[in-house]
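Numbering follows my numbering, in which position 188 of the sequence shown is assigned residue number 192; successive positions increment by one, without gaps.
Positions of the beta carbon are idealized from the N, C-alpha and C atoms, including for glycine.
Here's the structure we're looking at; comments come further down.
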Amino acid sequence: MATLVRRLLPVVVLVLIGCLCGRVVSSDYEILLEVKRSFVEDPENVLQDWSENNPRFCTWRGVSCGREPGDGSLRVVSLNLSDSSLSGSVSPSLGKLQNLLQLDLSSNQLSGPIPPNISNLSSLVSLLLYSNQLTRPIPSQLGSLTSLQVLRIGDNYLTGHIPASFGNLANLVALGLASCNLSGQIPPELGRLKSLQNLILQQNQLTGPIPAELGNCSSLVQFTAAVNNLNGSIPAELGRLQNLKLLNLANNTLSGVIPSQLGELSQIGYLNVLGNQLEGQIPKSLTKLGNLYNLDLSANKLTGEIPGELGNMGQLVYLVLSNNSLSGAVPRSICSNATSLEHLMLAQNQLSGGIPEELRECRVLKQLDLSNNTLNGSMPVELFELVELTDLLLNNNTLVGSIPPLIANVTNLQTLALFQNNLEGNLPSEIGMLGKLETLFIYDTQLRNPNGDRQLF
Ligand SMILES: *[C@@H]1O[C@H](CO)[C@@H](O)[C@H](O)[C@H]1NC(C)=O
Ligand SMILES: *[C@@H]1O[C@H](CO)[C@@H](O)[C@H](O)[C@H]1NC(C)=O
Ligand SMILES: *[C@@H]1O[C@H](CO)[C@@H](O)[C@H](O)[C@H]1NC(C)=O
Ligand SMILES: *[C@@H]1O[C@H](CO)[C@@H](O)[C@H](O)[C@H]1NC(C)=O
Ligand SMILES: *[C@@H]1O[C@H](CO)[C@@H](O)[C@H](O)[C@H]1NC(C)=O
Ligand SMILES: *[C@@H]1O[C@H](CO)[C@@H](O)[C@H](O)[C@H]1NC(C)=O
Ligand SMILES: *[C@@H]1O[C@H](CO)[C@@H](O)[C@H](O)[C@H]1NC(C)=O
Ligand SMILES: *[C@@H]1O[C@H](CO)[C@@H](O)[C@H](O)[C@H]1NC(C)=O
Ligand SMILES: *[C@@H]1O[C@H](CO)[C@@H](O)[C@H](O)[C@H]1NC(C)=O
Ligand SMILES: *[C@@H]1O[C@H](CO)[C@@H](O)[C@H](O)[C@H]1NC(C)=O
Ligand SMILES: *[C@@H]1O[C@H](CO)[C@@H](O)[C@H](O)[C@H]1NC(C)=O
Ligand SMILES: *[C@@H]1O[C@H](CO)[C@@H](O)[C@H](O)[C@H]1NC(C)=O
């Protein structure tokens, strides 16, 4: 009898609340219990207090309530069960929590589809389902959630296309769809998203062109579509994105020239187009980008000379132009104002002439890779003033002369590759003073090693 009372009590209380509020309680309480049933495993017991024995559902873990303005009843406004090791599925009943503003089920092991019923949550501001095992196409109905500001559903096994209906999400600030199995094209409709700041599409199987319409997303701060199968050329319209700080289009099959209009991205700090089929010259306009700290144009088919004006870029830390068909000399001015440069990677091109002694002006240089070019002359001693240098790769050039003993000054050196050159003479014994040296590649030269005990490669 006592047990029965205990079981019934919450129901009685609930009915009472329902009566007090003057409405039928097909309440959020019951909906939450339906939602609970779709979570089949709860190893951390996060849903322990989600129970008929505990009808004060607003106190349940992950649940936040607000009062309905009309009748003052308690309604769920936020449900956050992120990172809780839950498995099972995303319950269609969630679509009945009409006052929900935030739904965060990210970083669990939820599988199955995203139920279209979620699209009934017309007040929803934030929908976070990323890092689960969700499958099947994204329901296009989500495009009706016009209050949405944050939609992050990446790192799942979602398939199919990005719904064109997402172009209706006029308040969207962040759209995260990375690391899924999405295919098809980037819908040009996304160009209507005037509030969008983050568009994250990397690591899918997207094909076709980057829509020129994205140049209309005037609030865009980050756009990454790296590691897809996008083709066609980079639209010049992207140069209109005056707030863009990060553009990552690496590892696609983009072709054509790098549009000079990208030089108008005055805020940009990170620009990466590595691993495409871009051709033509490096536009000089890029050297106007005074906030750029990372410029990676490597593994393309770029030709012509390296613009000496790159040396004006005072914020540049990474300059990676390796694996292209660039020719001419390493510009003497490359370090003139690039005093922050730590990584200068120009390997695998057709660069000729000498190694300019002016590289000494890159005081904080850590990595210098000039390998696989046709540089000649001797190693300028000024290189060895670069005491921060950890990697010096000059192999596969036509350098002559000997290794200066001054090399002992570069005490942070870890990797030194000089093979496939025409260097001669003894390996200076000072190399023995380089305590951090891990890898020394000098074979195939005529050098002899005075430190017989050190292993050479
Ligand atoms: C959900 O909770 C986690 C952990 O407490 C928190 O990091 C996250 O920001 C919350 N989600 C939302 C949308 O507030
Ligand atoms: C989900 O939506 C479908 C289609 O509108 C409907 O038939 C179903 O009853 C809904 N499920 C719930 C639990 O609301
Ligand atoms: C949305 O709610 C309406 C009425 O509450 C219902 O008829 C419809 O089936 C719901 N749609 C989905 C997708 O759940
Ligand atoms: C996702 O794509 C990969 C590579 O194409 C494929 O091997 C995998 O089976 C796909 N997964 C799903 C769930 O479709
Ligand atoms: C959006 O971009 C396209 C292509 O760049 C352009 O033709 C169109 O006029 C733009 N629309 C708006 C509203 O800015
Ligand atoms: C892009 O790839 C598709 C096939 O996936 C092809 O039909 C189209 O011609 C390609 N476009 C360009 C510009 O290479
Ligand atoms: C591009 O692909 C290369 C080789 O697979 C990989 O090392 C690199 O991390 C990728 N870069 C980006 C930005 O995705
Ligand atoms: C050079 O880039 C091409 C793609 O443009 C890539 O296939 C190749 O592996 C790269 N080579 C090296 C040595 O990185
Ligand atoms: C050199 O770099 C500084 C700091 O980034 C910058 O303010 C200045 O305009 C640059 N000078 C030239 C000649 O580009
Ligand atoms: C230099 O060329 C060799 C042989 O083609 C290649 O294995 C190596 O990756 C290249 N190095 C760089 C830095 O591109
Ligand atoms: C030397 O560099 C050239 C590119 O400049 C490359 O084609 C060649 O394979 C490289 N040779 C070796 C042995 O690394
Ligand atoms: C090399 O190191 C020595 C001792 O630290 C220092 O006196 C000398 O100025 C350095 N030489 C150069 C060229 O940096």
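- Judged by DSSP secondary structure, Arg-41 falls within the alpha helix (DSSP H) whose first and last residues are 32 to 41.
- Annotation: the continuous beta strand (DSSP E) that includes Asn-298 extends over 298 to 300.
- Set against 7 angstroms, the gap from the CB of Asp-395 to the closest heavy atom of ligand 10 is not smaller.
- Each of Val-277, Gln-189, Pro-73 was checked against the Cα of Val-81, and the nearest Cα belongs to Pro-73.
- CA-to-CA, the gap between His-347 and Leu-83 works out to about 45 angstroms.
- Contact between Leu-296 and Gly-273 holds, with the beta-carbon distance rounding to 6 angstroms and staying under 8 angstroms.
- Proximity of the stretch 374 to 381 to the stretch 347 to 357 meets the contact definition, three or more beta-carbon pairs being nearer than 8 angstroms.
- Along the stretch 352 to 429, the alpha helix (DSSP H) does not occur as any fully enclosed run of 4 or more residues.
- At a Cβ-Cβ threshold of 8 angstroms, Asn-426 and Leu-403 count as neighbours.
- Within the stretch 302 to 336, complete beta strand (DSSP E) segments of at least 3 residues are found at 322 to 324, given in chain order.
- If you draw a straight line from the Cα of Glu-193 to the Cα of Lys-440, it is about 54 angstroms long.
- Ser-55 and Cys-69 have their C-alpha atoms spaced approximately 17 angstroms apart.
- In chain order, Ile-214, Leu-253, Leu-258, Gly-260, Ile-262, Pro-263, Leu-266, Val-277, Leu-282 place their CB closer than 8 angstroms to the CB of Ile-238, counting only its own chain and leaving out the 5 sequence neighbours on each side.
- Our two residues, Gly-294 and Leu-181, have alpha carbons roughly 30 angstroms apart in a direct line.
- Residue pairing from DSSP places Val-80 in a beta bridge opposite Cys-69.
- Sorted by position in the chain, Pro-96, Ser-97, Asn-121 make up the residues whose C-beta lies under 5 angstroms from a heavy atom of ligand 2.
- Bounds of the beta strand (DSSP E) holding Thr-443 are 443 to 445.
- Looking at Leu-131, Glu-442, Pro-287, Asp-159, the one whose alpha-carbon comes closest to that of Gln-137 is Asp-159.
- Per DSSP, Ile-204 is one residue of the beta strand (DSSP E) stretching across 202 to 204.
- Given a length threshold of 4 residues, the stretch 193 to 252 has no whole run of the alpha helix (DSSP H) inside it.
- If you check the C-beta of Asn-172 against ligand 5, you find no heavy atom less than 7 angstroms away.
- By the C-beta criterion, the stretch 106 to 118 is judged to be in contact with the stretch 141 to 158, since at least 3 inter-stretch pairs fall below 8 angstroms.
- Apart from sequence neighbours up to five positions away, the residues of its chain that approach Ala-303 with a beta-carbon distance below 6 angstroms are Leu-278, Gly-279, Asn-327, ordered along the chain.
- With fewer than 16 other beta carbons inside 10 angstroms of its own, Arg-367 counts as exposed.
- Ranked by Cα distance from Gly-318, the first of Pro-311, Ile-338, Leu-325 is Ile-338.
- By the neighbour-count definition (other C-beta atoms within 10 Å, threshold 16), Tyr-161 is an exposed residue.
- Spatial neighbours of Val-391 in its own chain (CB-CB distance under 8 angstroms, excluding positions within 5 residues in sequence) are listed in chain order as Asn-413, Val-414, Thr-415, Asn-416.
- Using a cutoff of 7 angstroms, the CB of Asn-304 counts as near ligand 8, since one of the ligand's heavy atoms is closer than that.
- Not a single heavy atom of ligand 8 lies less than 7 angstroms from the C-beta of Gln-354.
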